[in-house]
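Number of protein chains: 2
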Amino acid sequence: MSTEENTDLKTLLGALVSSGHRLTRLAATATDDQRSPAVWRTLSALSSYGPVRLGELARLSRVTQPTMTKIVRNLDDLDWIKRIVDVEDKRAWLIAATPKGLAALAEWRDTLASALLPHFSGLDAGDLAAMQRVVEILDERAALDGSAAFEGEIA
Amino acid sequence: MSTEENTDLKTLLGALVSSGHRLTRLAATATDDQRSPAVWRTLSALSSYGPVRLGELARLSRVTQPTMTKIVRNLDDLDWIKRIVDVEDKRAWLIAATPKGLAALAEWRDTLASALLPHFSGLDAGDLAAMQRVVEILDERAALDGSAAFEGEIA
DNA sequence: ACCATTGCATAGCCGGGCTATGTAAAATGG
DNA sequence: CCATTTTACATAGCCCGGCTATGCAATGGT
């Protein structure tokens, strides 16, 4: 991979992050959403990884443990997660999404996507394919396990 | 556009927003960044639109005016923006990015993108093209003017 | 048994979000 | 011209998600 290609990828990555920020605000204003990205991100992680320790959930979400403690307390109040005693370690909690939480996540996605639809009308099949591919790339590369595993393979 | 295609686009949009959240956290942890997405988003908007009123900047960024007042005060303290008296209206300020602010934005993008590169190694030209296209779509559709203009054209 | 490490909660701070309110300037209408 | 309404921004207060630092209890190692 030449320097020029690296520069192109670099430029793209910077632009992708910026565009993502913009999309985040669009998403926040497109619906009367009372919850933050952190809530959905956390529920999404629980949905993907199943019950995990609070500290591990923090790691997966790339936030510090006290931050995750706060988020989890919030989700607990909503009955969107439940705490499970980790029988192997009395210090630890396993955090699991409840059916109510998963339903809320699904509903959020649906409501949000519906609200965003008008902003993205008129895209052709090629555009959809591009979006699909980028989602795949991000899910693979921005996920902690995926990223770590990939680096392991290269190194 | 059939219902099925709408469903696919809906699913994609929801996934894209989620993936974007994940990328945001990756970006936040990939660098020792002391500034938030709001700072960069605002500087980026000023870079794109040139000097605008504080209220208009809030609108462009999809946040409320008091929020933007805070962000602008922050940027002002850093000498990354300057306030310009709007000669047409004594109540209003024009907010412009300073060269120092624009340099900081460019440096952030470079530093961030460099830090992200290892996570995204091994992508092929098709992947880059997909990312390029998605950035274009988001910039066009998530931007306030672009989105509004497009809706106007359809209606 | 003792000590270091680990897991989570708490404390404190900051900034970005919001709604509500206040002040001054500008626009509007009689 | 003047009273009223609207507009532009600042301030206040609240909440939440970030962080670092610290505390307490459990666990692991020697």
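Chains as they are written, first to last, in full-length UniProt numbering: chain G, 1 to 155; chain V, 1 to 155.
Just so you know, even glycine gets a beta-carbon here, dropped at the ideal spot from N, CA and C.
Counting C-beta pairs with one atom in each stretch, the segment 63-81 of chain G and the segment 107-115 of chain G have fewer than three that are closer than 8 Å, which means they do not touch. Within the UniProt domain "HTH marR-type" (6-140) of chain V, the complete beta strand (DSSP E) segments of 3 residues or longer fall at 81-85, 93-97, listed in chain order. In this structure, the alpha-carbon of residue 51/G lies about 29 Å from that of residue 31/V.
For the pair residue 97/G and residue 12/G, the CB atoms are not nearer than the 9 Å cut-off. Each residue's CA atom was taken as its position, placing residue 46/G and residue 72/V some 37 Å apart. If you check the CB distance, residue 62/G and residue 133/V do not come in under 9 Å.
With distances taken between CA atoms, residue 14/V lies nearest to 20/G out of 64/G, 20/G, 15/G.
A Cβ-Cβ distance of about 7 Å is found for the pair residue 39/V and residue 75/V, placing them in contact under the 8 Å criterion. Contact annotation: in the segment 17-31 of chain G, residues whose CB is within less than 8 Å of a CB in chain V are 17, 18, 19, 20, 21, 22, 23, 24, 25, 26, 27, 28, 29.
Residues of chain V whose Cβ lies closer than 8 Å to the Cβ of residue 48/G do not exist; the shortest such Cβ separation is about 10 Å. Residue-level contact check: residue 72/G does not touch chain V, since none of the beta carbons of chain V fall below 9 Å from its beta carbon. At a cut-off of 9 Å between beta-carbon atoms, residue 68/V makes no contact with chain G. Here residue 91/G is exposed. Its C-beta has fewer than 16 other C-beta atoms within 10 Å. Around residue 40/G, the beta-carbon contacts reaching into chain V at under 9 Å are 17, 18, 21. The Cβ neighbour count for residue 118/G, taken over all protein chains shown within 10 Å, is under 16; the residue is labelled exposed.
Relative to the Cα of residue 58/V, the nearest Cα in the group 89/V, 88/V, 94/V belongs to 94/V. When Cβ-Cβ separations below 9 Å define contact, residue 62/G makes contact with chain V. In this structure, the alpha-carbon of residue 60/V lies about 13 Å from that of residue 140/V. Excluding sequence positions up to five before and after residue 135/V, its CB lies less than 6 Å from no other CB in the same chain. Proximity of chain G to residue 138/V at the Cβ level (cut-off 7 Å) is accounted for by 19, 22, 23, in chain order. The Cβ of residue 141/V sits closer than 9 Å to at least one Cβ of chain G. Cα atoms of residue 115/V and residue 124/G: separation of roughly 33 Å, rounded to the nearest angstrom.
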